[in-house]
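In my numbering, the protein residues as written are 71 to 327.
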Amino acid sequence: MTFRQKYIAFLTIFNKEVIKSVRTWKTTFLPAIITTVLYFLIFGTFIGSQIKSIGGASYMSFIVPGLVMMSIFMNSFQSMLFKFYFLKFQKTIHEILISPMPAWLVVFSYIACSVFNGVIIGTLVFASAYFFETIPVAHPFLALLIVLLVATFFALLGLINAVYAKTFEDMSIAQTFVLTPLTYLGGIFYSITLLPSIWQTVSHFNPILYMINAFRYSILGFSDISLMTCLLVILGGIVIAFSWVLYLFKTGRGLKA
Numbered sequence: 071m072t073f074r075q076k077y078i079a080f081l082t083i084f085n086k087e088v089i090k091s092v093r094t095w096k097t098t099f100l101p102a103i104i105t106t107v108l109y110f111l112i113f114g115t116f117i118g119s120q121i122k123s124i125g126g127a128s129y130m131s132f133i134v135p136g137l138v139m140m141s142i143f144m145n146s147f148q149s150m151l152f153k154f155y156f157l158k159f160q161k162t163i164h165e166i167l168i169s170p171m172p173a174w175l176v177v178f179s180y181i182a183c184s185v186f187n188g189v190i191i192g193t194l195v196f197a198s199a200y201f202f203e204t205i206p207v208a209h210p211f212l213a214l215l216i217v218l219l220v221a222t223f224f225a226l227l228g229l230i231n232a233v234y235a236k237t238f239e240d241m242s243i244a245q246t247f248v249l250t251p252l253t254y255l256g257g258i259f260y261s262i263t264l265l266p267s268i269w270q271t272v273s274h275f276n277p278i279l280y281m282i283n284a285f286r287y288s289i290l291g292f293s294d295i296s297l298m299t300c301l302l303v304i305l306g307g308i309v310i311a312f313s314w315v316l317y318l319f320k321t322g323r324g325l326k327a
């Protein structure tokens with residue numbers, strides 16, 4: 071395929087999925103915003119009134135980066151999971167596999183769609199936080215970079231989950247038993263410095279902790295973990311996940327059945 075053909079193929083997939091998301095905004099964007107606003111009310115307003123500050127920032131300011139990040143990666147994961155599972159379920163994936171599009175372009179096109187959804191939701195959730203408190207943004211360009219990287223990583227994980235899922239029930243296993251526990255143990259509502267030393271050590275094996283702390287640094291200017299360490303973990307995760315996805319496409323495992 072020529073560069074122009076690849077570009078047209080990318081735009082075809084991207085525009086189709088984005089238009090679908092925009093048309094179904096009541097189920098695509100609205101639930102995540104409502105859920106996060108409830109977190110702001112319960113944790114930021116009610117519980118936050120009992121906690122003066124963490125790291126020099128108000129409790130509401132402290133939890134906003136974590137809640138925004140949670141809405142982004144949850145949506146990116148679910149968006150890719152449902153897109154690819156239904157491509158398998160409807161056998162549409164076979165048309166994509168026999169097309170002249172290289173595997174990396176197919177993956178990149180669908181990742182772009184999921185990242186788009188994640189960025190829109192993250193922006194809306196962050197904007198909704200201003201109804202409760204003014205949140206400064208210390209490093210806006212770094213914040214955007216982290217959002218794109220994290221959304222990409224979870225879109226890849228969603229694709230992997232979709233490939234291995236054989237039934238509708240399989241779609242929820244990873245999210246229920248792996249992603250959700252790691253999310254709530256990732257330092258959204260607390261600083262790991264408040265934990266006993268043994269639990270601080272255990273927390274460092276949670277990759278979501280690094281993502282939330284990287285984004286917290288970009289918004290508030292401080293975090294529990296160094297920014298460089300956080301970025302290395304995120305980039306390493308993307309490389310591993312992308313390599314895994316390309317292997318699945320190359321072998322057709324879970325896709326050609």
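Ideal placement from N, C-alpha and C gives every residue a C-beta, glycine not left out.
DSSP, read as helix, strand or coil, puts serine 141 in helix.
The Cβ atoms of valine 220 and phenylalanine 285 lie closer than 9 Å to each other. Here alanine 235 carries a coil assignment [DSSP, helix/strand/coil].
For leucine 325, the CB contacts under 8 Å within the same chain, skipping 5 residues up- and downstream, are Lys158, Ile163, Leu167, Val233, Leu318, Phe319 in chain order.
Where glutamate 165 is concerned, the enclosing alpha helix (DSSP H) starts and stops at 163-167. Considering only Lys153, Val195, Pro266, the residue with the shortest C-alpha distance to leucine 227 is Lys153. Serine 123 is bridged by DSSP to Ser128. Using a 10 angstroms sphere on the CB of phenylalanine 196, the tally of other CB atoms reaches 16 or more, which defines it as buried. A Cβ-Cβ separation of about 14 Å leaves isoleucine 282 out of contact with glycine 307 under the 8 Å criterion. Proximity of the segment 238-257 to the segment 166-181 falls short of the contact definition, fewer than three beta-carbon pairs being nearer than 8 Å. At least 9 Å separates the beta-carbon of phenylalanine 259 from that of glycine 125.
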